[in-house]
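Numbers 1 to 303, taken from the UniProt record's numbering, label the letters of the sequence shown in order. Ideal placement from N, C-alpha and C gives every residue a C-beta, glycine not left out. What follows is a short report on a single structure.
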Amino acid sequence: MTIRFDDRVAIVTGAGVGLGRSHALGLAARGAKVVVNDLGVATDGSGMSSDAALAVVEEIKAAGGEAMAHGADVSDPAGVDDMVQRTMATWGRIDIAVNNAGILRDKTFGKLSLDDFRKVVDVHLMGSATVSHACWSIMREQGYGRIVLTSSGSGLYGNVGQSNYGAAKAAMMGLMNVLHIEGARDNIRVNVLAPTAATRMTESLIPADALALMAPETITPGLLYLVSEDAPSRVMLGAGAGCFAQTRVYETQGITLTGDITPEDVAERFADVADPDGQEELSNAFEQTRKYVINAANARGLT
Ligand code: NAD
């Protein structure tokens with residue numbers, strides 16, 4: 001099996017440096033026409049420059065590929081619309097949207113201003129929603145679309161000082177779940193990538209010998225699979241240093257109480273509530289509701 005992207009058009013956000021640059025180069029090397037989006041900001045979102053995106057475009061062209069730069073701020077709907085319109089005018093389709101752009105404004109929750117909370121949510125969550133939304137009707141009409149949302153271990157598992165970032169990154173799972181369901185009939189597949197890589201975002205946080213194993217290029221092959229023709233959908237792929245693992249959400253079988261239910265009843269049975277034996281992955285919200293209603297009816301002898 002060879003994964004190729006000939007005749008496919010991809011938008012990669014935040015593709016001037018780091019992971020996005022690696023993803024853009026990886027897509028172009030396998031035949032995709034790539035929009036290298038980057039606002040060219042510092043890690044905290046300050047400043048602005050087109051230099052990095054233009055350099056990636058030059059690198060792709062020098063290797064014989066096709067690329068164009070666009071400096072839209074992913075959280076600005078007008079800028080994103082312009083990017084999508086220019087892509088359509090140039091190449092006539094959009095097959096792949098890699099939502100990768102991101103910033104950090106780390107502080108422990110008590111010291112974090114709501115402005116810094118909102119800004120991080122704006123870039124990561126609203127940025128991913130804005131770019132995906134602008135591509136959505138195009139992908140539906142094409143009957144083909146591959147979307148990746150970039151999450152993080154901080155969102156899936158937590159990390160000190162990153163309540164804003166963790167909340168925004170966990171939201172990728174919720175966005176994926178719904179877009180996966182809504183996109184299925186139009187062959188739009190939606191996945192989450194949770195990378196951990198040596199980039200300017202992590203260079204001061206992780207020891208040098210670990211960083212040496214964590215080049216972005218060790219992650220990009222996973223991203224390329226997630227946006228390929230035979231991609232899965234609704235997968236959360238952890239990736240770093242050449243390791244790939246899937247994060248899944250399970251619900252335990254749980255318990256069903258009847259009568260006058262007290263908090264003490266729940267406390268007493270909590271080991272049973274949490275018992276992983278028979279836990280399962282639910283495919284949508286109503287499956288959970290149905291499970292509870294059926295269990296409640298059974299417990300009351302109504303079925
Ligand atoms: P990076 O700082 O090296 O690159 C981020 C890029 O996004 C920069 O080029 C920046 O200019 C661009 N950008 C920022 N805000 C933008 C906006 N509003 N519009 C357009 N472009 C914007 O970061 P990275 O480490 O390569 O991270 C890439 C993605 O992976 C981010 O979403 C990040 O949160 C996520 N991530 C990274 C790691 C890691 O270990 N590096 C871990 C978990 C998640």
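Residue range of the unbroken beta strand (DSSP E) whose run includes H70:
Here residue 70 refers to the residue found at position 70 of the sequence shown. DSSP places H70 in the uninterrupted beta strand (DSSP E) bounded by E66 to H70.
Check: P195 C-beta below 6 Å from any heavy atom of the ligand NAD:
Translated into positions along the sequence shown, residue 195 becomes position 195. The answer is yes for P195.
Under 8 Å: do the segment 138-149 and the segment 189-204 share three or more Cβ pairs, one atom per stretch?
The segment 138-149 vs the segment 189-204: in contact.
For D230, count neighbouring C-beta atoms within 10 Å of its own C-beta (all shown protein chains included) and say buried if the count is 16 or more, exposed if not.
Within the sequence shown, the letter at position 230 stands for residue 230. Residue burial annotation: D230 is exposed, with fewer than 16 other C-beta atoms found within 10 angstroms of its C-beta.
Just to confirm, does S163 get its C-beta within under 6 Å of one of the non-hydrogen atoms of the ligand NAD?
Along the sequence shown, read from residue 1 onward, the residue named residue 163 stands at position 163. False, no ligand heavy atom lies under 6 Å from that Cβ.
Any non-hydrogen atom of the ligand NAD closer than 6 Å to I94 Cβ
Residue numbering aside, residue 94 sits at position 94 when the sequence shown is read from its first letter. Distances from the CB of I94 to the heavy atoms of the ligand NAD are all 6 Å or more.
Can you list, in chain order, the residues of its chain whose CB lies under 6 Å from that of H70, leaving out five sequence neighbours each side?
By one-based count along the sequence shown, residue 70 stands at place 70. Excluding residues up to 5 positions away in sequence, V35, N37 and M83 lie with their Cβ nearer than 6 Å to the Cβ of H70 in the same chain.
Relative to the ligand NAD, is the shortest distance from any of its heavy atoms to the C-beta of N100 smaller than 6 Å?
Along the sequence shown, read from residue 1 onward, the residue named residue 100 stands at position 100. Checking every heavy atom of the ligand NAD against the Cβ of N100, one is found closer than 6 Å.
Excluding the five sequence neighbours on either side, which residues of its own chain have a C-beta within less than 7 Å of the C-beta of L175, listed in chain order?
One-based indexing of the sequence shown puts residue 175 at position 175. S128, A129 and L149, listed in sequence order.
With distance defined between alpha-carbon atoms, name the residue in S163, Y157 and I255 nearest to L114.
Residue mapping note: residue 114 aligns to position 114 of the sequence shown, counting from 1. Nearest C-alpha to L114 among S163, Y157 and I255: S163.
Here's the rule I'm using: 16 or more other beta-carbon atoms within 10 Å means buried, otherwise exposed. How should I60 be labelled?
As a position in the sequence shown, residue 60 is number 60, starting the count at 1. Classification of I60: buried, given that the 10 Å Cβ count is 16 or more.
Endpoints, the beta strand (DSSP E) within which R189 is located:
As a working note, residue 189 is residue 189 in the sequence shown. Looking at the DSSP string, the run of the beta strand (DSSP E) that includes R189 is I188 to P195.
Look at the alpha carbon of G26 and the alpha carbon of E287, and state the distance between them as a whole number of angstroms.
Along the sequence shown, read from residue 1 onward, the residue named residue 26 stands at position 26. Along the sequence shown, read from residue 1 onward, the residue named residue 287 stands at position 287. Distance between the alpha carbons of G26 and E287: 38 Å.
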